[in-house]
Amino acid sequence: MLQLQTIRENRDFVIERLKVKNFNAASLVDEIIALDNKRRSTQKELDDILAQSNIIAKEIGILFKQGKLDDANTAKEESGKLKASAKALEPVLNETIETLNNRLVELPNLPHSSVPHGKSAEDNEIIHEEGVFPALSPEALPHWELASKYQIIDFELGNKVTGAGFPFYRGQGARLQRALINFFLDQAIESGYLEYQPPLLVNSASGYGTGQLPDKEGQMYFAPEDNLYLIPTAEVPITNIYRDVILKEAELPVQNVAYSNCFRREAGSYGKDVRGLNRLHQFDKVEIVQIQHPDRSYQSLEEMKNHVASLLRKLELPFRILRLCGGDMSFTSALTYDFEVYSAAQKMWLEVSSVSNFEDFQANRMKLRFKDKEGKTRLAHTLNGSALALPRIVAALLENNQTDQGIKIPEALLPYTRFNYIG
RNA sequence: GGAGAGUUGGCAGAGUGGUCGAUUGCGGCGGUCUUGAAAACCGUUGAUCCGAAAGGAUCCGGGGGUUCGAAUCCCUCAUUCUCCGCCA
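With the numbering used here applied, the first sequence corresponds to residues -18 to 404, in that order.
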């Protein structure tokens, strides 16, 4: 969430910026400012009462010691009155704070000044494109058919055992998955990231910390018996490591990487472009997360962007980078780059990574801070990106590299697969 | 799953109803001394909110309660340790 101070001091600027996200913030912002004023005056009032009653409580202690029981009892009465008025004020204050917080989390992050205006995915700005489209014969197969031809991914079996969107990977398919995971992890480690293996279930405090809760609750699988959510991305546990943490400036940047299964209900997205590996309920992803000094977070964003680009280059996949427009960006992001690979048999661009700078939006919600050189406590910036999500990478690899001898494995993966062809 | 014991500041560890936001030690920071460093000595050292400041309020695992007053008493949840049971 945005900082109150920002909203208070830059009302018009906040409203202006959020127009880029097609969000009309004026009335919400004014309501927040009004609630904040009420909160402050109520708190002042309560603080004064408490201060008064603290003084009396101390006096009573002294009076008792001196044996002045009558005076003590008089003071008790007075204290009782103060207490009653404090009791009356407390719910007012709590309610105000609660309403204020509820309003505050409705306000999206401000988009960076470079974010293009726009309504939907069509308005995203293509900032980079590289690689060559493979020349496939007209008989080239989409990946779901290649998957069954070589018996490497079994969607039907997944339907039987679990349900749609939970495929089995088999033989060389399973080994390719494992190879990609290790390749991605090793590449990240080489770039200075520290590997974690996170829990796959998280509590609700973590869900709030990274912003999945409250608004995207329906997108997560939930285990009610234990009140835990299956993670939709490793971003959730990895970023929440730092919830309520104050880092030293010297510890920045924090660079973490984690492989995890990701679970998404994908409620409401049935029907379109969901064949094969294009959209799954359970998939594998390697995620990179950075926590950085506010002055250097955009530098980190560029580094992360370059890291992802280098992975796709090594996998020899044609790809492009988009700068998301205001309308297509997530609620929490200030600037997002999407990576898409070209899957040549489907003739479709598939999103395989999304790299974002959240600035202090997540950090404010989680109270993730650092102590700067002057000893001042400040909010840190958080960033994350997929590096990479597996299923669509696999889809593109299968489709683009199909040959008469089978599916050709790119050079960079050979040490990991230890086979040159699938088939 | 059952029984018992814990949870205090960066860490260790006092504090069982009254001036305790909290003794002390370590660590950190600043200084004296030194060519420099170490040692020694002196000082300093949590977070949040309100306030221009002075100052005030809140926080001793989370939440609730008792009391004029709670780190200290009660309830509840979480968590750690020990023992028993079960188990990859």
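No residue lacks a Cβ here, since even glycine has one placed at the ideal position from N, Cα and C.
These numbers come from a predicted model, not from an experiment.
- glycine 188 (DSSP reduced to helix, strand or coil): helix
Sufficient close CB pairs (3 or more, under 8 Å) joining the segment 172 to 192 to the segment 227 to 247 = yes
Cβ-based neighbour list, glutamine 343, same chain, cut-off 8 Å, excluding 5 preceding and 5 following:
Gly190, Thr191, Gly192, Thr220, Thr313, Leu349 and Thr363
Legend entry - Contact the segment 193 to 206 vs the segment 316 to 331: 3+ CB pairs below 8 Å: No: the two stretches stay apart, fewer than three of their Cβ pairs being nearer than 8 Å.
Roughly how many angstroms separate the alpha carbons of lysine 62 and phenylalanine 244, rounded to a whole number?
55 Å
Assign leucine 378 to one of three DSSP states: helix, strand, or coil. helix
Assigned exposure category for valine 1 - 16 Cβ within 10 Å defines buried:
buried
Using C-beta distances below 6 Å, list every residue in its chain close to glycine 257, excluding the 5 sequence neighbours before and after it, in chain order. His124 and Trp125
* Kindly list the residues whose CB is nearer than 6 Å to the CB of leucine 228, restricted to its own chain and excluding five residues on each side of it in sequence; keep chain order. => Phe351
task = Would you check if the segment 103 to 117 and the segment 33 to 46 touch, i.e. whether three or more CB-CB distances between them fall below 8 Å?
result = With a cut-off of 8 Å, the segment 103 to 117 and the segment 33 to 46 do not count as touching, because too few Cβ pairs lie within range.
Is there contact between the segment 84 to 92 and the segment -3 to 12, where contact requires at least three CB pairs shorter than 8 Å?
-> yes
Problem - Cβ-Cβ distance between asparagine 259 and leucine 181 below 8 Å - result: no
- Message: Along the chain, where does the beta strand (DSSP E) containing alanine 368 start, and where does it finish?
- Response: 362 to 370
Which residues in the same chain as isoleucine 134 place their Cβ atom closer than 6 Å to its Cβ, once the five residues preceding and following it in sequence are excluded? Ala128, Pro148, Tyr150 and Gly154
Pull up the distance between the alpha-carbon of arginine -11 and that of alanine 67, whole angstroms please.
Rounded to whole angstroms, arginine -11 to alanine 67 spans 28 Å at the Cα level.
Taking all protein chains shown into account, do 16 or more other C-beta atoms lie within 10 angstroms of the C-beta of valine 142, making it buried, or fewer, making it exposed? Exposed.
Out of Asp385, Thr55, Val217 and Ile374, point me to the one whose CA is closest to phenylalanine 165's CA. Ile374
By the three-class DSSP mapping on this structure, what secondary structure does histidine 262 have?
If DSSP states are grouped into helix, strand and coil, histidine 262 belongs with coil.
- Unbroken stretches of the beta strand (DSSP E), 3 residues or longer, contained in the segment 120 to 192: 175 to 177
Between the alpha carbons of asparagine 82 and valine 73, how many angstroms are there, rounded? 14 Å
Where leucine 282 falls: helix, strand or coil (DSSP): Reduced to three states, the DSSP call for leucine 282 is helix.
Requested in this report: Use the C-beta contact count for glycine 144: other C-beta atoms within 10 angstroms, 16 or more gives buried, fewer gives exposed.
Outcome: exposed
Quiz item: When we look at the beta-carbon of asparagine 140 and count the other beta-carbons within 10 Å, is it buried (16 or more) or exposed?
Solution: exposed
(request) Enumerate in chain order the residues of its own chain whose CB-to-CB distance from serine 101 is below 7 Å, with the five nearest sequence positions on each side excluded. (result) Gly308 and Asp309
task = Check histidine 93 in the structure and name its three-state DSSP category.
result = coil
Distance, Cα to Cα, valine 267 vs arginine 159?
Going by the C-alpha atoms only, they are around 12 Å apart.
Helix, strand or coil at valine -5 [DSSP, three-state]:
Three-state DSSP puts valine -5 in a helix.
Buried or exposed for glutamate 216, please, with buried defined as at least 16 other CB atoms from any protein chain shown within 10 angstroms of its CB. buried
Margin query: Which residue wins for smallest C-alpha separation from serine 118, given the options Glu392, Leu395, Thr398 and Thr384?
Written below: Thr384
Excluding the five sequence neighbours on either side, which residues of its own chain have a C-beta within less than 7 Å of the C-beta of serine 278, listed in chain order? Asn338, Glu340, His362 and Leu364
Quiz item: What does DSSP give as the partner residues of histidine 109 in its beta bridges?
Solution: Paired residues: Ile302.
| Beta-carbon proximity list for proline 97, same chain, < 6 Å, skipping 5 on both sides | Glu106 and Cys306
Unbroken alpha helix (DSSP H) run spanning arginine 21, endpoints
7 to 47
Tell me, to the nearest whole angstrom, how far the beta carbon of arginine 20 is from that of isoleucine 78; I am working on the premise that it is less than 8 Å. Rounded, the Cβ-Cβ distance is 6 Å, consistent with contact.
(Q) From the DSSP secondary-structure annotation, give me the bridge partner or partners of asparagine 338. (A) Leu316 and Leu364
- request: Locate the beta strand (DSSP E) running through glutamine -14, then write down its first and last residues.
  value: Glutamine -14 -> not in any beta strand (DSSP E); alpha helix (DSSP H) instead, spanning -15 to -10.
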